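Per UniProt numbering, residue 1 is the first one in the sequence shown, and the count goes up by one each step. Working notes, beginning with the structure itself.
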Amino acid sequence: MVAETILLPRRTLLGGAAALLASPALAIPRNRDPLDGVSAASESVQMSLASLDGSHQLVARLCRYPGANRAWLWVQLLTPDGFFACYDHHLPTGPEKTRLEAKDVLYAVGGMTARRTGERLKPTSCHADVRARLAATGAPREGEGHIPFHAKLSLNPTRRYAGLLPGRSELFGLGEMDIELNGRRFRGPATGQFHEQPQETPRFNQPYSYASLWGPDSSITAIAGASGGGGYRATDSGSTDFRGARFTETGDSRTLTLGAPGASLEVTAEVRARQQIPIFSGLWRGQFVEAKAGGETLYGVFVDFDMPSAPAAQT
């Protein structure tokens, strides 16, 4: 019989995650990856969920390069017991491109499958099944992990958005997460996001800052790069677009300001855990956060991608 996870007080959760803040920085790989800076067809899919009380947060992401027979997989999980993660940038994949306009689309890389049912911008459901072995650290080495993990994730999309980045579509709503980690199980309602982003241009070739936040009543996405930024807030009845995005960071607190003075949205966030992944010529730094926007509590991620000798993102 699988034991149910006991939800610890929030101060205990934050205390357990605090040790991650002292994790040593990962070195950026010196050997240039053959896909670094290369224009090639690729497909990225991510499913992100947070339990309604914020006790559990999960990101599972895959990316395929069909022409190179190459794929990668990331898993990041925050629980009352701590933070767990793994990544692998050298997984095999088939040569076939995914038929994105199909009404039933299945992605598969390593131990992860992700399925979108319904048209891309009119889906009826999204599901993911993820099996991996995680490491109890926010800075794992590639392939590191020995803790067995299995998640079944579902999302009922009630909000959608396309066009923040070329080819990108994002879906938001309520769903369910069923997580088993090292024999301990959590199952409960959740809020989250499912996104698909195919592209022909290089990935991770310029610095940026990004936020994706999910709540019962609204969802927020923002991105800022060297050439500018913007974002939106989506509700079940529509979305509000903002031109311009500014990210600031002070200790364990972050602020996101969307839009111009007089017509802006300010988001404040508390960092709950940090993680980092070296990829191509840069370092991806992610944070699980609890955020406030207009009186609503949202959970999600802030991300900064840094590259040496490159113009800084407008944060």
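Heads up, the beta-carbon is just placed ideally off N, CA and C, and yes, glycines get one too. Values in this document were obtained by computation on a predicted structure and should not be read as measured data.
With 16 or more other CB atoms across the displayed protein chains lying within 10 angstroms of its CB, A224 is buried.
G54 and H195 have their alpha carbons spaced roughly 21 Å apart. Contact annotation: F186 and V75 have beta-carbon atoms that are not nearer than 8 Å. For E142, no beta strand (DSSP E) run applies, since DSSP gives it neither H nor E. For G230, DSSP records a beta bridge to I223 and R243.
Residue state for A68 is assigned as helix, using DSSP reduced to three classes. The beta carbon of T235 sits closer than 7 Å to those of R159, D217 and S218, all from its chain and outside the five residues before and after it, given in chain order. L100 is bridged by DSSP to nothing; it lacks a bridge partner.
Classified as buried, E170 has 16 or more neighbouring CB atoms from the shown chains inside 10 Å of its CB. Between R243 and the set G259, S253 and N156, the nearest pair of CA atoms involves G259. CA-CA distance, M112 to A128, rounds to 7 Å. In the DSSP assignment, A135 falls outside any beta strand (DSSP E), carrying neither H nor E.
DSSP places D217 outside any beta strand (DSSP E), giving it a letter other than H or E. Closest in C-alpha terms to S48, from the list E96, V105 and L174, comes L174. Under the 10 Å beta carbon count, T248 is surrounded by fewer than 16 other beta carbons and is classified as exposed.
Across the structure, P166 and L283 are spaced so that their CA atoms are roughly 23 Å apart. No Cβ-Cβ contact shorter than 8 Å links D36 with F305.
Per DSSP, T158 has no beta bridge partner at all.
Below 8 Å, too few C-beta pairs join the region 94-101 and the region 150-157 to call them touching: fewer than three. According to the DSSP assignment, F204 belongs to no beta strand (DSSP E), since it is labelled neither H nor E. When only Cα atoms are considered, A60 and I179 end up about 12 Å apart. Residue state for H56 is assigned as coil, using DSSP reduced to three classes. Cβ-Cβ separation between C63 and R133: approximately 19 Å, too far for a contact (criterion under 8 Å).
G175 is bridged by DSSP to L155 and A190. Excluding five sequence positions before and after D252, the CB atoms of its chain that fall closer than 6 Å to its own CB belong to V271, given in chain order. Counting other Cβ atoms within 10 Å of its Cβ, P140 reaches 16 or more and is therefore classed as buried. Per DSSP, V38 lies in no beta strand (DSSP E) segment and is marked neither H nor E. Around the beta carbon of H56, 16 or more other beta carbons lie within 10 angstroms, which makes this residue buried.
Burial of L213 is indicated by the presence of at least 16 other C-beta atoms within 10 angstroms of its C-beta. Residue burial annotation: R285 is buried, with at least 16 other C-beta atoms found within 10 angstroms of its C-beta. When only Cα atoms are considered, Y210 and R70 end up about 25 Å apart.
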